[in-house]
Each structure stands twice: as C-alpha cells, then as structure tokens.
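Just so we're aligned, residue 42 is where the sequence shown starts under my numbering, counting upward by one.
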Amino acid sequence: MIDTMNKPLSALVPLCSFFLVAQAALAQNGALEGYANHETYSAQVKELDASDLVVVSSLGKSIGGRDVWLLTIGTGKTDDKPAIAMVGNVQGSHLAGGEIALRMARKLAEKAKADDATRKLLDEQTFYFIPRPDPDGCEKCYAKPLRIRAGNDRKTDDDRDFAFGEDPPDDLNGDGIITMMRVEDETGDYFPHPDDPRVLIQADPKKNEKGKYRLLSEGKDDDADEKFNEDGGDGVAFNHNFTFGYKPFQPATGANAVSEPECRAVADFLYSRPNVAVLFCFSPEDNLFHTWKPDSNTERDRIRKRVLGSDAAMLEYIAGEYRKIHGGSEAPGSPDPSGSFSQWGYFHYGRWSLAARAWWVPKTEEPKVEGEAKKPSGEKRGESDINLLRWLAKEKIDGFVDWKPVDHPDFSGKKVEVGGFKPFYALNPPARELDGLADKHLQFAATLPSWLPKLALIDVKAEALGSGVFRISATAVNRGFLPTMPEMGQVNGESYPLQIALTLPKGAEMLQGSPRTKLP
C-alpha cells in the first residue's frame with residue numbers, strides 16, 4: 042500500500058472543474074453522460090480524504106498504471122474492528138457499480154457528521170470501500186470506437202495464434218460505435234422477431250424455423266482467417282481472473298488465476314484483513330435476487346462447488362432483506378460466473394459474499410396506440426431486447442442504431458447491414474438514478490452490522506476449592522444472527538479461528554486446563 046494522500050479539498054477544486062469539462066467531451070455516447078472517467082473519478086475519491094472519518098490510499102496499480110483506490114471509513118483503530126468490505130463494479134463495463142459505491146462512501150462520511158447513530162456505527166464498525174477495482178476496464182468504456190471491451194490494458198492473444206489483437210471489431214458505418222452486423226444468408230441461424238423486426242432471434246429447427254441472417258459483431262476479417270473479430274486483444278477481465286471456477290485458455294481469463302496486479306492487490310488486501318466479516322460487490326452475477334442454491338448430494342464432496350446448506354439459509358434471509366430495501370422485481374439472470382470475484386469471496390476467501398447488480402432495465406409495456414389492434418406474439422426469445430427497445434422509447438433515449446446496408450469486402454454479392462443496440466445502456470442506468478440507488482444500498486450496508494455475530498461471556502463463575510485454588514468457568518454465546526464464520530470458511534480454513542484467552546493476575550498460575558481455547 043502506498044502512502045495516504047492528504048491533499049486539502051481547496052487544492053482539488055480547480056482540477057475538478059477541468060475534469061468535468063474533459064468528461065463532457067468524452068461522454069459523447071449518451072449512456073456515459075454523468076459517469077466519470079478515471080481522471081475525474083480519482084479526483085472525486087481524493088476529495089474524501091478531507092474527512093476525518095476517511096483515509097484514502099492506493100492498493101497498487103493496474104496493468105495500465107492506474108490506481109486501485111481504497112477508502113477506509115471509521116474511527117479509531119479501524120483494522121481492529123469488525124469490518125465490511127464494499128467493492129464497486131468488478132466488471133469494467135458495469136460502471137454503475139463503481140459510481141454507486143463512491144456515492145455510498147461519500148454519503149456515509151457526510152451522514153456521520155450530523156447523525157449520532159451513524160457515528161456510533163462507525164465507532165463500532167469499519168467500512169472498506171474499493172470503489173473501482175478494475176480501473177483499466179472502466180477506462181476502456183471511453184475508448185473510441187465505443188464498445189464493450191472485456192478486460193484490462195494487458196495485451197492478449199484471444200485466439201492463441203501468437204499475434205496480439207490483430208482482428209478487433211471495425212467501425213464499418215463510421216458512427217464511432219461498434220454494434221452488430223447481419224448478413225443475409227440462407228444458412229444463417231437468425232430471423233426477425235415477430236413483434237419487432239429490429240430484434241433477431243435464433244431459429245429453432247425443431248419448430249421447422251429457418252434462419253435468414255448470420256449475426257456477427259461489426260467488423261471485417263482483418264487477419265484473413267475466415268473468422269470475424271475473434272481477437273480484439275481486449276485484455277484480462279477482473280471478474281474472470283479469480284481462483285474459484287477459473288477457466289484457463291479462454292478469452293479474457295488471463296494466463297493463470299489472479300495473474301493481474303489489480304486482482305492480486307485486492308485479494309492481498311482482503312487476506313491481510315481478518316476483521317472483514319462480509320464482502321459485498323456490485324456485479325452482473327447477482328446472488329441477492331438469484332440466491333445460490335445448495336445441493337445436499339454434494340455437501341461431502343472433497344471440492345465444494347455449491348453453497349453449503351447451513352450457509353444458504355443465512356444468505357437467503359439477508360437476500361430477502363435486501364430485496365425489501367431495493368424494491369425491484371424481475372431481475373435478469375446471471376451470466377457465467379467462472380472465475381468471478383463474488384464466488385471467490387465465499388468459496389476461497391471464506392466470507393459471507395454478496396453480489397448485487399443494483400439496476401436493470403425495468404419491465405416496460407408496449408404503449409397503446411389508438412386504432413391499432415396488434416397483439417404481442419407471446420414469443421419469449423428476445424424478450425429482454427424487446428423490453429429494452431420499449432424502455433429506450435419511453436425514456437426518449439437514442440440507444441439503437443437502425444439497420445442500414447454497408448459495402449463489405451468479405452461478403453461480395455450479399456446484403457450486409459450494420460445496426461443494433463448501442464453499448465452500455467442495458468447495464469447502466471441514466472446517471473440521474475445513481476444517487477437514489479446509492480441511498481438504498483447504503484441503507485442495506487448500514488443494516489449489515491446488525492446481523493454480525495455478537496459474542497458475550499455468561500454464567501462466569503469462580504468457585505473456591507480451598508487452599509487458594511479456584512475453578513473458573515464461563516459460557517461463550519453468540520447473540521448475533523450470523524455465526525462467527527460461514528461453514529465454508531471453516532471448510533477451507535481461510536477464516537481466522539475464534540479463540541478465547543484467560544489472562545491470569547499477577548501471582549496466579551494455571552493448574553489444569555489451557556489459558557487459550559478454540560471455540561466452534
């Protein structure tokens with residue numbers, strides 16, 4: 042960890058003005074308006090160092106040389122108190138997670154100035170915020186042409202042909218955005234959705250459906266290997282580089298697990314903090330609306346790959362409370378969690394690990410138009426895309442590029458069109474919603490300490506046995522909701538064992554028993 046920065050707020054104000062101008066220039070895609078690039082974001086992080094409740098430091102540098110910021114919020118000896126680690130967007134393109142995390146940290150510090158209950162909370166607990174653990178991945182959201190890139194700034198060979206990034210997507214229509222490309226082809230797998238021809242769905246041969254298009258990401262066969270955009274050189278994804286479920290030899294997963302300096306920096310920090318009881322991150326791999334399910338048949342496997350039944354009951358309760366506070370419904374399913382941070386947090390780090398998507402495109406009904414009698418087809422395929430189109434129209438957001446023909450050197454004589462959804466809209470809300478989301482998640486974070494274990498000694502007795510000999514007995518109880526560690530923490534041995542120690546007064550000695558005892 043590098044030295045803490047103590048720049049006064051007044052010294053940062055001129056810089057912030059410049060950064061906001063720069064940010065406006067970068068955010069030409071409407072989905073990025075109100076979101077901060079790395080320079081602006083770092084300035085906002087450093088501003089919090091002016092608070093006497095916040096210590097700003099860097100855990101290290103990403104492969105691209107950007108700081109991985111840490112905000113330690115609390116009073117007194119923060120590392121000696123029970124702690125909750127709040128981690129921002131573990132997927133670079135999920136910018137909302139990092140924005141919400143930073144707003145939560147700011148609101149927590151501000152609220153503690155005037156609210157006695159919040160100050161008391163920080164007297165008893167520590168909050169570690171790592172608001173943007175993948176700064177390279179976040180910064181890539183601003184690179185031109187705009188597209189969702191998988192990972193950090195490491196040069197990668199995604200197709201394993203000993204060349205690096207030789208076949209990335211290409212901006213064929215010159216709009217500065219990478220969308221999709223559809224090629225008219227009888228051998229294609231896709232055809233237009235019956236409710237909206239802008240959306241393509243995959244044909245099902247069992248239903249005697251025939252495709253009309255091949256669907257590819259926008260680009261050319263730059264390396265002439267008859268494949269399209271298979272080696273974008275997109276780096277290593279933070280959220281697929283951790284040890285649990287890690288998949289080697291796959292695009293964006295890295296040369297080996299925890300190969301990236303930003304991943305090691307976060308993992309090393311957490312392993313060095315035995316006081317961390319709960320790990321919370323913002324991630325598309327949500328387990329608060331879609332909770333992990335146990336499997337009694339695998340409980341005794343040598344390698345546990347499913348949440349243990351005793352832990353699942355606790356996580357289910359916490360998830361239920363989260364859903365009450367969040368108030369959302371119909372959350373989308375989770376993508377492939379291989380090598381994910383949240384699963385590492387439970388299975389290998391051995392803590393209560395919570396992951397929240399925070400926001401998703403709300404269910405939007407088709408507006409009723411007078412005189413039109415068209416009914417929805419009931420087709421479930423492409424349902425999320427149809428809903429996204431409706432939401433974009435309702436919000437008056439220009440988030441879709443209409444399909445238009447382009448000349449393509451690799452498809453002579455065939456009709457090729459470029460179009461589709463603009464990047465980032467489906468994963469990140471309009472910036473005006475970020476503060477409200479931060480309020481909800483701060484309320485949930487402030488509730489977490491009430492469920493932590495609370496240990497006490499009861500029935501303490503000192504029985505005189507004669508000749509200056511005493512028998513001392515006591516019962517240790519947990520008055521909190523959660524046990525002192527998940528059962529998985531006991532299985533993998535990563536959580537620190539709980540011990541009780543007897544300190545003898547001067548002149549006394551232990552005749553029988555042990556002054557230190559391990560508790561279950």
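Just so it is clear, CB atoms sit at the ideal spot from N, CA and C, and this is done for glycine as well.
Continuous beta strand (DSSP E) stretch holding residue i: start and end
| i | result |
| --- | --- |
| Tyr169 | Thr167 to Ile171 |
| Thr558 | Arg557 to Lys559 |
| Gly368 | Here Gly368 belongs to no beta strand (DSSP E), and DSSP marks it neither H nor E. |
| Phe232 | Tyr231 to Pro233 |
| Trp444 | Phe441 to Pro446 |
| Leu496 | Leu496 to Gly507 |
| Leu111 | Asp108 to Ile114 |
Inter-residue Cα distance where the pair is residue i and residue j
| i | j | result |
| --- | --- | --- |
| Asp245 | Lys251 | 8 Å |
| Ile43 | Ala184 | Here Ile43 scores only 39 on pLDDT, less than 50, and its place in the model should not be relied on; the value that follows carries that caveat. Rounded to the nearest angstrom, the two C-alpha atoms are 28 Å apart. |
| Asp198 | Arg305 | 22 Å |
| Lys416 | Val307 | 51 Å |
| Lys404 | Ala153 | 36 Å |
| Thr516 | Ser555 | 15 Å |
| Leu311 | Met127 | 11 Å |
| Met529 | Pro546 | 38 Å |
| Leu483 | Ala146 | 8 Å |
| Asp327 | Glu140 | 17 Å |
| Leu213 | Arg431 | 27 Å |
| Ser418 | Asn519 | 56 Å |
| Leu162 | Ala497 | 19 Å |
| Arg398 | Phe323 | 6 Å |
| Glu474 | Asp500 | 52 Å |
| Arg190 | Gln540 | 47 Å |
| Lys334 | Gly369 | 21 Å |
| Gly260 | Gly286 | 32 Å |
| Lys102 | Tyr358 | 37 Å |
| Val109 | Val96 | 14 Å |
| Glu301 | Val277 | 8 Å |
| Glu121 | Met526 | According to the sequence displayed, residue 121 carries Asp and not Glu. In a straight line, the C-alpha of Asp121 is about 17 Å away from that of Met526. |
| Phe279 | Gly534 | 24 Å |
| Ala265 | Pro176 | 33 Å |
| Asp211 | Leu329 | 38 Å |
| Lys455 | Gly178 | 36 Å |
| His389 | Ser383 | 10 Å |
Close-in-space but distant-in-sequence residues of the same chain around residue i (CB under 8 Å, 5 per side omitted)
| i | result |
| --- | --- |
| Tyr231 | Arg223, Leu241, Ile242, Gln243, Ala244, Gly252, Lys253, Tyr254, Arg255 and Leu256 |
| Asp262 | Asp208, Lys268, Phe269 and Asp451 |
| His331 | Ala372, Gly374 and Ser375 |
| Leu67 | Its pLDDT being 40, under 50, Leu67 is placed unreliably in this model, and the value from its coordinates should be taken loosely. Answer for Leu67: Leu73, Asn78 and Tyr183, listed in chain order. |
| Lys495 | Asn519, Arg520 and Gly521 |
| Val86 | Val97, Trp110, Leu112, Leu143 and Pro172 |
Segment limits, alpha helix (DSSP H) that includes residue i
| i | result |
| --- | --- |
| Gln85 | His79 to Glu88 |
| Lys416 | Here Lys416 belongs to no alpha helix (DSSP H), and DSSP marks it neither H nor E. |
| Trp432 | Glu424 to Lys435 |
| Thr488 | Leu475 to Thr488 |
| Gln531 | Glu528 to Asn533 |
| Glu151 | Leu136 to Ala155 |
Cut-off 7 Å between Cβ atoms - residues of its own chain near residue i, not counting five sequence neighbours on either side
| i | result |
| --- | --- |
| Arg512 | Glu504 and Leu506 |
| Phe485 | Tyr363 and Ile366 |
| Phe522 | Trp492 |
Buried or exposed by the 16-neighbour rule on C-beta atoms within 10 Å, applied to residue i
| i | result |
| --- | --- |
| Ile171 | buried |
| Thr220 | buried |
| Gly477 | exposed |
| Gly106 | exposed |
| Leu136 | buried |
| Thr113 | buried |
| Asn297 | exposed |
| Leu111 | buried |
| Ser51 | No answer about Ser51 holds up, because its pLDDT of 37 lies below 50 and its placement is not dependable. |
| Gln553 | exposed |
| Arg201 | exposed |
| Pro561 | exposed |
| Gln64 | Any reading at Gln64 must be qualified, since the residue scores a pLDDT of 43, below 50, and its modelled position is unreliable; no value is offered. |
| Lys463 | buried |
| Asn193 | buried |
| Leu543 | exposed |
| Phe205 | exposed |
| Thr159 | buried |
Beta-carbon proximity list for residue i, same chain, < 6 Å, skipping 5 on both sides
| i | result |
| --- | --- |
| Trp444 | Glu458 and Gly460 |
| Leu16 | Missing from the structure shown is residue 16; the chain here goes from 42 to 561 and no further. |
| Tyr537 | Pro315 |
| Gly129 | Gly138, Gly139, Ala142, Pro172, Arg173 and Phe323 |
| Ser351 | Glu528 |
Residue i: CB within 7 Å of a non-hydrogen atom of the ligand ADP
| i | result |
| --- | --- |
| Phe388 | Among the ligands in the structure shown, none appear at all, so the ligand ADP cannot be discussed. |
Proximity test, Cβ basis, 8 Å: residue i and chain D
| i | result |
| --- | --- |
| Asp90 | In the structure shown, chain D cannot be found, because there is only a single protein chain. |
Runs of beta strand (DSSP E) wholly within the segment 203-272 (minimum 3 residues, chain order)
Scanning the segment 203-272 for uninterrupted beta strand (DSSP E) segments of 3 residues or longer gives 221-225, 231-233, 241-243 and 254-258, listed from N- to C-terminal end.
4-residue-minimum alpha helix (DSSP H) runs that sit fully inside the segment 304-384, ordered along the chain
350-367
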